[in-house]
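2 protein chains.
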Amino acid sequence: MISKNKLKEFSKYKTSKFCDEDNVFVVEGTKIAAEALQSEFEIVAICALESWFVEYRTLIRKKVSPENTFEVTTAELERISTLKTPNQVWMLIKRQSNNEAFQSETNLTIVLDKIQDPGNLGTIIRTCDWFGIRNIVCSPDTVSCYNSKVVQASMGGIFRTNINYTPLLPFLDSCTNNNTPIYGALLDGENIYNTQLPASNAVLVIGNESKGISDEVIAKITNRLTIPNIGRSCESLNASVANGIICYEFARLNNK
Amino acid sequence: MISKNKLKEFSKYKTSKFCDEDNVFVVEGTKIAAEALQSEFEIVAICALESWFVEYRTLIRKKVSPENTFEVTTAELERISTLKTPNQVWMLIKRQSNNEAFQSETNLTIVLDKIQDPGNLGTIIRTCDWFGIRNIVCSPDTVSCYNSKVVQASMGGIFRTNINYTPLLPFLDSCTNNNTPIYGALLDGENIYNTQLPASNAVLVIGNESKGISDEVIAKITNRLTIPNIGRSCESLNASVANGIICYEFARLNNK
């Protein structure tokens with residue numbers, strides 16, 4: 001059972017403004033909710049159908065106190081959900097400034113320069129998660145990683161990556177000072193098929209969907225990489241596909 | 257100038273039903289419109305702002321007769337557009353059954369088993385275009401390649417690929433009869449980093465976003481490929497990222 005007041009309170013989190021203010025984010029659907037239950041993140045509240053509570057009883061008991069769980073009807077779930085067809089469960093989760101909380105399986109850090117499409121950011125997080133890349137640095141004008149579409153597209157990757165928003169130029173300067181090579185996906189770089197990538201620390205910059213990497217950031221890149229345009233056709237690859245291919249090539253070093 | 261009747265006629269193409277009936281599709285925005293002007297596809301009608309017509313005058317004159325071009329105002333463009341913010345130009349284009357119209361730069365054919373997300377299909381077409389893969393075979397329950405989101409996400413790739421919708425089992429049987437190896441992206445296949453891919457004809461099957469490749473299609477696969485899950489974390493890669501990585505690995509053979 002859930003009171004009208006609680007329903008009203010939770011409904012406001014459809015708006016990112018209130019999520020930002022309260023330092024929380026929403027996840028919806030059985031798959032990602034199960035990942036949240038197994039994550040280190042603090043769950044503030046759960047609204048779900050009775051059947052869902054029955055299925056996940058044991059995991060819930062370990063992690064969330066009963067006064068923060070609310071059994072709802074399908075109609076009530078529709079009222080707080082941002083999905084067209086809500087899927088059994090809605091969760092409110094505390095944001096976590098995950099500074100180095102996770103241990104990377106690789107030495108690669110991904111740097112995103114103004115990624116704007118939530119699907120792309122979510123897919124990049126998912127890909128990093130797959131390849132064991134735990135550190136992602138975003139320019140302040142990259143879409144929020146707590147955007148609901150980003151969270152959904154990350155397929156749980158949001159719970160297993162350190163995502164920091166910070167001005168890129170000082171961050172890249174600190175990399176240069178540490179002799180960390182800065183790779184960038186550009187159209188006029190070295191052919192990636194012929195490039196020997198380093199096993200030591202490295203940074204990879206992925207640029208904006210339509211404008212690519214900004215000029216100031218390009219100036220910091222030490223190693224320009226290009227995925228050859230065999231078809232000599234479209235102007236570029238999708239940002240999350242380019243990221244996937246280069247992460248895959250770096251992960252080759254970790255392949256056993 | 258455009259008449260009220262014409263505006264009304266064009267407005268109906270917001271609905272895919274009418275596009276299907278008339279065997280046409282819509283493209284919107286300056287970038288993809290410029291690609292359409294340079295493609296082999298027949299342009300049925302153009303509605304655009306005056307400034308756009310001025311910019312592309314020469315290309316338009318070569319390809320579209322004046323009675324099929326309509327100068328519109330921003331308000332009129334909004335009426336026929338499906339975009340939140342229409343971008344200068346709207347075009348109606350004849351569908352083309354592009355059977356083998358384009359020459360592949362590679363010997364790879366992509367087979368899609370029930371790809372449902374328009375963004376994924378568009379990105380897969382864009383990636384194929386990049387790597388010079390011209391042949392894509394889709395199961396009948398794959399999202400239509402003429403869906404406006406697919407067309408936009410393909411970034412012009414729709415004009416440079418042969419996309420056929422056909423039942424997959426007979427198609428794959430014909431591949432087997434021709435001794436064409438059928439690769440599939442699966443979770444339990446051979447590690448792609450250690451696999452020697454063929455330079456001769458090959459087929460790559462990419463499965464549905466949540467269910468993967470269907471059992472009947474899996475039964476036809478001769479070479480199971482896996483991109484290793486270095487992070488031991490999320491369940492799978494995004495379909496268009498997995499496609500991108502494997503296409504990239506096949507394209508290595510064409511790298512000069």
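Same order as they appear, the protein sequences are chains C and P. Oh and the first sequence: position 225 is 225 in our numbering, straight run, nothing missing. Oh and the second sequence: position 228 is 484 in our numbering, straight run, nothing missing. For each residue, glycine too, the CB sits at the ideal point set by N, CA and C. Values in this document were obtained by computation on a predicted structure and should not be read as measured data.
Checklist entry - Going by other Cβ atoms of all chains shown within 10 Å of its Cβ, with 16 needed for buried, is residue 323 of chain P buried or exposed? => result Against the second sequence, residue 323 of chain P aligns to sequence position 67. Its Cβ having fewer than 16 others within 10 Å, residue 323 of chain P is exposed.
Checklist entry - Closest to residue 181 of chain C by CA distance: which of C:172, C:88, C:189 is it? => result The residue given as residue 181 of chain C occupies position 181 in the first sequence. Of the listed residues, the one whose Cα sits closest to residue 181 of chain C is C:172.
Next on the checklist: Closer than 8 Å is the cut-off here; do at least three beta carbon pairs connect the segment 261-275 of chain P with the segment 113-125 of chain C?
Outcome noted: These segments do not touch.
Item to check | Selection of the segment 475-489 of chain P by Cβ proximity to chain C, strictly under 8 Å | outcome: 483, 484, 485, 486, 487, 488, 489
Next on the checklist: What does DSSP give as the partner residue(s) for residue 109 of chain C in the beta ladder?
Outcome noted: As a working note, residue 109 of chain C is residue 109 in the first sequence. Answer by DSSP bridge pairing, in chain order: C:135, C:203.
Checklist entry - In chain order, what residues of the same chain have a beta carbon less than 6 Å from the beta carbon of residue 409 of chain P, not counting five sequence neighbours either side? => result As a working note, residue 409 of chain P is residue 153 in the second sequence. Taken in chain order, the residues that qualify are 375, 378, 379.
Item to check | Buried or exposed (CB count within 10 angstroms, at least 16 for buried), residue 4 of chain C | outcome: Here residue 4 of chain C corresponds to residue number 4 of the first sequence, with the count starting at 1. By the neighbour-count rule (16 or more Cβ atoms within 10 Å), residue 4 of chain C is not buried but exposed.
Checklist entry - Apart from the five residues just before and just after residue 165 of chain C, which ones in its own chain have a Cβ nearer than 6 Å to its Cβ? => result For the purposes of this step, residue 165 of chain C is taken as the residue at position 165 of the first sequence. Within the same chain, and ignoring the five residues on either side of residue 165 of chain C in sequence, the residues whose Cβ sits closer than 6 Å to its Cβ are 138, 140.
Checklist entry - Quick one, which residues of the segment 493-505 of chain P are near chain C if we go by CB-CB under 7 Å, in chain order? => result The segment 493-505 of chain P vs chain C, Cβ under 7 Å: 493, 494, 496, 497, 500, 501, 504.
Next on the checklist: Let's test the definition: count the other Cβ atoms within 10 Å of the Cβ of residue 114 of chain C and tell me whether it reaches 16, buried, or not, exposed.
Outcome noted: Here residue 114 of chain C refers to the residue found at position 114 of the first sequence. Buried, by the Cβ-count rule.
Item to check | Closest Cα partner of residue 239 of chain C within the set C:186, C:220, C:231 | outcome: Sequence index remark: in the first sequence, residue 239 of chain C carries index 239 (1-based). Checking every option, the nearest Cα to that of residue 239 of chain C belongs to C:186.
Checklist entry - Does the beta carbon of residue 131 of chain C come closer than 9 Å to any beta carbon on chain P? => result As a first step, residue 131 of chain C must be located in the first sequence, where it is residue number 131. Yes, contact with chain P.
Item to check | For residue 347 of chain P and residue 432 of chain P, the rounded distance between their alpha carbons | outcome: Along the second sequence, read from residue 1 onward, the residue named residue 432 of chain P stands at position 176. Along the second sequence, read from residue 1 onward, the residue named residue 347 of chain P stands at position 91. Using only the alpha carbons, I get a separation of about 41 Å.
Checklist entry - Once you ignore the five residues that flank residue 169 of chain C on each side, which residues in its own chain have a CB closer than 8 Å to its CB? => result Taking the first sequence and counting its residues from 1, the one referred to as residue 169 of chain C is at position 169. Taken in chain order, the residues that qualify are 216, 217, 220.
Checklist entry - Does the distance from the CB of residue 482 of chain P to the CB of residue 505 of chain P come in under 9 Å? => result For the purposes of this step, residue 482 of chain P is taken as the residue at position 226 of the second sequence. For the purposes of this step, residue 505 of chain P is taken as the residue at position 249 of the second sequence. No, the Cβ-Cβ distance between residue 482 of chain P and residue 505 of chain P is not below 9 Å.
Item to check | Cβ contact (3+ pairs, closer than 8 Å) linking the segment 125-139 of chain C and the segment 77-85 of chain C | outcome: no
Checklist entry - Mind checking if residue 363 of chain P is an interface residue toward chain C, Cβ cutoff 9 Å exclusive? => result Stepping through the second sequence from its first residue, residue 363 of chain P is reached at position 107. Residue 363 of chain P does not count as touching chain C.
Checklist entry - Would you say residue 491 of chain P reaches chain D, if we count a Cβ-Cβ gap shorter than 9 Å as a contact? => result Absent here is chain D; the protein component of the structure consists of chains C and P.
Item to check | residue 24 of chain C (DSSP reduced to helix, strand or coil) | outcome: For the purposes of this step, residue 24 of chain C is taken as residue 24 along the first sequence, with counting starting at 1. Of the three classes helix, strand and coil, the one that applies to residue 24 of chain C here is strand, per DSSP.
Next on the checklist: Less than 9 Å between the beta carbons of residue 414 of chain P and residue 462 of chain P, yes or no?
Outcome noted: Here residue 414 of chain P is taken as the residue at index 158 of the second sequence, counted from 1. Here residue 462 of chain P is taken as the residue at index 206 of the second sequence, counted from 1. Taking 9 Å as the Cβ cut-off, residue 414 of chain P and residue 462 of chain P do not qualify as a contacting pair.
Item to check | Beta-carbon proximity check, residue 178 of chain C vs residue 208 of chain C, cutoff 9 Å | outcome: In the first sequence, residue 178 of chain C corresponds to position 178, counting from 1. In the first sequence, residue 208 of chain C corresponds to position 208, counting from 1. The answer is no: Cβ separation not under 9 Å.
Item to check | Top-ranked residue by Cα proximity to residue 197 of chain C, from C:86, C:46, C:254 | outcome: Residue mapping note: residue 197 of chain C aligns to position 197 of the first sequence, counting from 1. Comparing Cα-Cα distances from residue 197 of chain C to each of C:86, C:46, C:254, the minimum goes to C:254.
Checklist entry - Along chain P, in chain order, which residues have C-beta atoms closer than 7 Å to that of residue 183 of chain C? => result Looking up residue 183 of chain C in the first sequence gives position 183. Correct list: empty, because the minimum Cβ distance to chain P is about 16 Å.
Checklist entry - Which whole-angstrom value describes the C-beta separation of residue 49 of chain C and residue 69 of chain C, a residue pair presumed to lie in contact below a C-beta threshold of 8 Å? => result Residue numbering aside, residue 49 of chain C sits at position 49 when the first sequence is read from its first letter. Residue numbering aside, residue 69 of chain C sits at position 69 when the first sequence is read from its first letter. With a Cβ gap of about 12 Å, residue 49 of chain C and residue 69 of chain C do not count as contacting.
Next on the checklist: Here's the rule: buried if 16 or more other CB atoms are within 10 angstroms of the residue's CB, otherwise exposed. What is residue 76 of chain C?
Outcome noted: Here the question's residue 76 of chain C lines up with position 76 in the first sequence. Burial call: buried.
Item to check | Spatial distance of residue 526 of chain P from residue 468 of chain P (CA atoms) | outcome: The first residue shown for chain P is 257 and the last is 512, placing residue 526 of chain P beyond what the model contains.
Checklist entry - In the segment 396-427 of chain P, which residues sit with their C-beta less than 7 Å from some C-beta in chain C, listed in chain order? => result 411, 412, 413, 416
Checklist entry - Just how far apart, CA to CA, sit residue 150 of chain C and residue 25 of chain C? => result Counting from one through the first sequence, the residue named residue 150 of chain C turns up at place 150. Counting from one through the first sequence, the residue named residue 25 of chain C turns up at place 25. Distance between the alpha carbons of residue 150 of chain C and residue 25 of chain C: 11 Å.
Checklist entry - On the premise that residue 244 of chain C lies in contact with residue 497 of chain P, defined as a C-beta separation below 8 Å, what is that separation, rounded to the nearest angstrom? => result Within the second sequence, the letter at position 241 stands for residue 497 of chain P. Within the first sequence, the letter at position 244 stands for residue 244 of chain C. That belief holds up - the Cβ atoms of residue 497 of chain P and residue 244 of chain C are roughly 4 Å apart, short of 8 Å.
Item to check | Cβ-based contacts, 9 Å cut-off: residues of the segment 286-314 of chain P near chain C | outcome: Those residues of the segment 286-314 of chain P that come within reach of chain C (Cβ to Cβ, closer than 9 Å) are 287, 291.
Next on the checklist: Can you check which of these residues, C:228, C:160, C:199, is closest to residue 188 of chain C by C-alpha distance?
Outcome noted: Taking the first residue of the first sequence as position 1, residue 188 of chain C is located at position 188. Looking at the Cα atoms, C:228 is the closest of the given residues.
Item to check | residue 44 of chain C, DSSP secondary structure in three states | outcome: Along the first sequence, one-based indexing puts residue 44 of chain C at 44. If DSSP states are grouped into helix, strand and coil, residue 44 of chain C belongs with the strands.
Next on the checklist: If I measure Cβ to Cβ from residue 29 of chain C and keep anything under 8 Å in the same chain, skipping five residues before and after, which residues do I get?
Outcome noted: Indexing the first sequence from 1 puts residue 29 of chain C at position 29. Result list for residue 29 of chain C: 83, 87, 88, 89, 152, in chain order.
Item to check | Collapsed DSSP secondary structure at residue 511 of chain P in the structure displayed | outcome: Taking the first residue of the second sequence as position 1, residue 511 of chain P is located at position 255. Reduced to three states, the DSSP call for residue 511 of chain P is coil.
Next on the checklist: Taking 9 Å as the threshold (beta carbon to beta carbon), is residue 458 of chain P in contact with chain C?
Outcome noted: Here residue 458 of chain P is taken as the residue at index 202 of the second sequence, counted from 1. Residue 458 of chain P does not count as touching chain C.
Checklist entry - From P:289, P:439, P:300, pick the residue whose C-alpha is nearest to that of residue 279 of chain P; which is it? => result Within the second sequence, the letter at position 23 stands for residue 279 of chain P. Among P:289, P:439, P:300, the Cα nearest to that of residue 279 of chain P is on P:300.
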